[in-house]
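**Student:** Each residue of the sequence shown is one higher than the one before, starting from 96 at the first, in my numbering.
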Amino acid sequence: MNTTERDYYTDRTVLLDPYDWFEEMRAKGPVCRMANRDLVLVTGFAEAVELLNNAADWSNAISVSGPLLPLPFEPDAEDISGQIEEHRGDIPLADLLVAKDGTPHAQSRALISALFTPSRLKANQAYVTALAERMVRGVVAQGGCELIGEIASPFVTFVVSDILGVPEADRDDFRRIIDLAPPPGNMEAAPPPGKEAEWAARPRETEEVNPLEYMAAYFYRYISERRAQPPRDDVLSEFAHSRYPDGTQPDIPELIRLATFLFGAGQDTSAKLIGNAMRYLVDVPGLQQQLRDDHSLIPAFLEEVLRLEGSTKVVKRLARRAMRVGDMEIEPGTKVVIAISAANRDPRRWEEPHAFRLGRPGIKQHLAFGRGAHTCAGAPLARYEVRIIFEKFLEHTRWISLSEDRHGTAENRILDFEPTYSMRGLANLHVELEPTV
């Protein structure tokens, strides 16, 4: 079978190495149609930037539910913005921050952005540094660890718990609940080509309850208790009494959705970044000693990993009206898949796009955190927390390697990626740690 005919959403060979598939698709043009799916794929950097910056013509309503579900309406206008809003309640998870459009999105984003200000991160720094110190010392003392489960996932969960002011007594419960959640864009739950409508109509009672729903009960208690009291000097109280830019107060369910979204989205992407970055730290010759000798290079290292192996593979948009993208005419209601992983390796934008190059010019122009109105609000936190954990790993080790029993040699790595078409992350990564003398 020709590579381009393989189904991105169900073919595990594409899951394990999406980059070959993206390059085959790029050869058809920076904007092309996906075989066997009524979807348009964008692999070009310039085209992706143009689309991501254009919230007026593109809706985020399908960004969580994905492009495989049929729309709950038949596009019947030159501009379907009204139809999208009329049927938003019929689009799964379209009330989450990342799926909102226009004013509702701007209002919700303002509440979240207040949590990630420089002053807030500075206030959080002592906790994050102490947490990283304790966790890294523990695994170095035992000679190694399974990085994703023992460090990456719990570390970022505890960090975002502290940012939101979750009581310490509940933080282990949050970690346990997060670990139950399936990866976003789980390939094992994707419908085969041509079966999308049948899959959408399947009985819902056969599905497991999303663990994030359990966290909602915690946040209902936290927020309702704080809102019933005069404002106090703590994060939860500030969040409970927060207001939109127009001065109106969000209802409690909206604050709950925002809080659980932070855990489900921000936690997952940062944990995957830690795993992806560790793989490059170990396998790029000379890199870890270079960073161990000069910690000021760690931010540039992380930016290149974000470009080369960012946590988000694709994002989705819905065309509001007819327009032209690249050389393709797009009709209202067209679903577009923007391949962030491909755009970040576009040879028209990046020299030697598949190579790791520390200090690459213009590296922060990558699209790992998106662009435009939906740029990741948690990007400052992700950069900050992952930098700190790598500083501690390099400070407390003389050498880091991957277990050859588990992962083979550097020339023939055996890596287990999570079965998801939305995210790029390792299911496990076994590292061996030699302590400093």
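Ideal placement from N, C-alpha and C gives every residue a C-beta, glycine not left out.
Taking DSSP as the reference, what is the three-state secondary structure of D152?
**Tutor:** Looking at D152 - three-state DSSP - the assignment turns out to be coil, as it is neither helix nor strand.
**Student:** Should P442 go down as buried or exposed, given a rule of 16 or more other Cβ atoms within 10 Å for buried?
**Tutor:** Burial call: exposed.
**Student:** Which residues does DSSP list as the beta-bridge partners of I495?
**Tutor:** Note: I495 sits in a beta bridge opposite L528.
**Student:** In the region 200-243, which residue ranges form an unbroken alpha helix (DSSP H) of at least 4 residues, counting only runs that do not cross its ends?
**Tutor:** Correct list: 213-236.
**Student:** With respect to the beta strand (DSSP E) encompassing L136, which residues constitute its N-terminal and C-terminal limits?
**Tutor:** Where L136 is concerned, the enclosing beta strand (DSSP E) stretches over V135 to V137.
**Student:** Tell me the rounded alpha-carbon separation between V135 and I433.
**Tutor:** About 8 Å.
**Student:** Just the C-alpha distance for A335 and L216, rounded to the nearest angstrom, thanks.
**Tutor:** Between A335 and L216, the C-alpha separation is close to 19 Å.
**Student:** Please work out which residues of its chain come closer than 7 Å, Cβ to Cβ, to A395, disregarding the five sequence neighbours upstream and downstream, and give them in chain order.
**Tutor:** For A395, where only same-chain residues beyond five positions count, the Cβ hits under 7 Å are L453, G454 and I458.
**Student:** From S517 to F464, what distance separates their C-alpha atoms?
**Tutor:** Each residue's alpha carbon lies about 14 Å from the other.
**Student:** Could you check if P456 is buried or exposed, using at least 16 other CB atoms within 10 Å of its CB as the buried criterion?
**Tutor:** Exposed, because fewer than 16 other Cβ atoms sit within 10 Å of the Cβ of P456.
**Student:** Inspect the beta-carbon positions of L192 and L353 and report whether they are closer than 8 Å.
**Tutor:** Cβ atoms of L192 and L353: closer than 8 Å.
**Student:** Tell me the rounded alpha-carbon separation between E180 and L188.
**Tutor:** Computed Cα separation, rounded: 13 Å.
**Student:** Excluding the 5 residues flanking M120 on each side, which residues of the same chain have their C-beta closer than 7 Å to its C-beta?
**Tutor:** Taken in chain order, the residues that qualify are T99, C127, L136 and T138.
**Student:** One question on the structure: do V251 and S160 come within less than 8 Å of each other, judged by their Cβ atoms?
**Tutor:** No, these two residues do not count as a Cβ contact at 8 Å.
**Student:** Where does the unbroken beta strand (DSSP E) through I425 begin, and where does it stop?
**Tutor:** Here the beta strand (DSSP E) through I425 covers M423 to I425.
**Student:** Counting only the same chain and skipping the five closest in sequence on each side, list residues whose C-beta sits under 8 Å from that of R322.
**Tutor:** Answer for R322: A335, H336 and I347, listed in chain order.
**Student:** Measuring straight from C-alpha to C-alpha, what distance separates Y317 and R501?
**Tutor:** Roughly 42 Å separates the two Cα atoms.
**Student:** What are the start and end residues of the alpha helix (DSSP H) that includes L259?
**Tutor:** It spans S248 to L259 - the alpha helix (DSSP H) in which L259 sits, taken as one unbroken run.
**Student:** Counting only beta-carbon separations shorter than 8 Å, does P345 have a partner in chain B?
**Tutor:** No chain B appears in this structure, which consists of one protein chain only.
**Student:** Among the candidates L350, V526, T429 and R415, whose CA atom is the shortest distance from the CA of R132?
**Tutor:** The shortest Cα separation from R132 among L350, V526, T429 and R415 belongs to T429.
**Student:** For Q433, which of helix, strand or coil comes out of DSSP?
**Tutor:** Gln is not the amino acid found at residue 433; the sequence shown has Ile there. Residue state, collapsed to three classes: strand.
**Student:** Let's see if you can read the secondary structure: which residues bound the beta strand (DSSP E) around A414?
**Tutor:** Counting along the chain, the beta strand (DSSP E) containing A414 begins and ends at V409 to A414.
**Student:** Is G467 near L147, with beta carbons less than 8 Å apart?
**Tutor:** In contact: G467 and L147 (Cβ atoms closer than 8 Å).
**Student:** Can you tell me where the beta strand (DSSP E) holding R183 begins and where it ends?
**Tutor:** R183 -> no beta strand (DSSP E), and no H or E assigned at all.
**Student:** Output the distance between the C-alpha atoms of A522 and K367, rounded to the nearest integer angstrom.
**Tutor:** C-alpha separation (whole angstroms): 9 Å.
**Student:** Is the region 410-427 close to the region 486-504, with three or more CB pairs under 8 Å?
**Tutor:** Taking 8 Å as the limit for Cβ pairs, the verdict is that the region 486-504 does not touch the region 410-427.
**Student:** Let me make sure I understand the geometry here. Which of V144, I393 and V431 has the alpha-carbon closest to that of A156?
**Tutor:** For A156, the nearest C-alpha among the options comes from V431.
**Student:** By the 10 Å Cβ neighbour count, where 16 or more other Cβ atoms means buried, how is H469 classified, buried or exposed?
**Tutor:** Per the 10 Å Cβ criterion, buried.
**Student:** Is it right to say S406 is buried, meaning 16 or more other beta carbons lie within 10 angstroms of its own, or is it exposed?
**Tutor:** With 16 or more other Cβ atoms within 10 Å, it is buried.
**Student:** Taking DSSP as the reference, what is the three-state secondary structure of R452?
**Tutor:** It is coil, neither helix nor strand.
**Student:** Just checking, does the region 371-390 make contact with the region 230-239 on the three C-beta pairs under 8 Å criterion?
**Tutor:** Contact fails: fewer than three Cβ-Cβ distances are below 8 Å.
**Student:** Alpha carbon to alpha carbon, how far is R232 from V254? Give it in angstroms, no decimals.
**Tutor:** So the alpha carbons of these two residues sit roughly 17 Å apart.
**Student:** One question on the structure: do E529 and H461 come within less than 8 Å of each other, judged by their Cβ atoms?
**Tutor:** No, Cβ-Cβ distance for E529 and H461 is not below 8 Å.
**Student:** Expressed to the nearest angstrom, what Euclidean distance is found between the alpha-carbon atoms of A225 and N507?
**Tutor:** Computed Cα separation, rounded: 36 Å.
**Student:** Can you tell me where the beta strand (DSSP E) with V126 in it begins and where it stops?
**Tutor:** Looking at the DSSP string, the run of the beta strand (DSSP E) that includes V126 is V126 to R128.
**Student:** Helix, strand or coil for F168, going by three-state DSSP, please let me know.
**Tutor:** The answer is coil: DSSP assigns F168 none of H, G, I, E or B.
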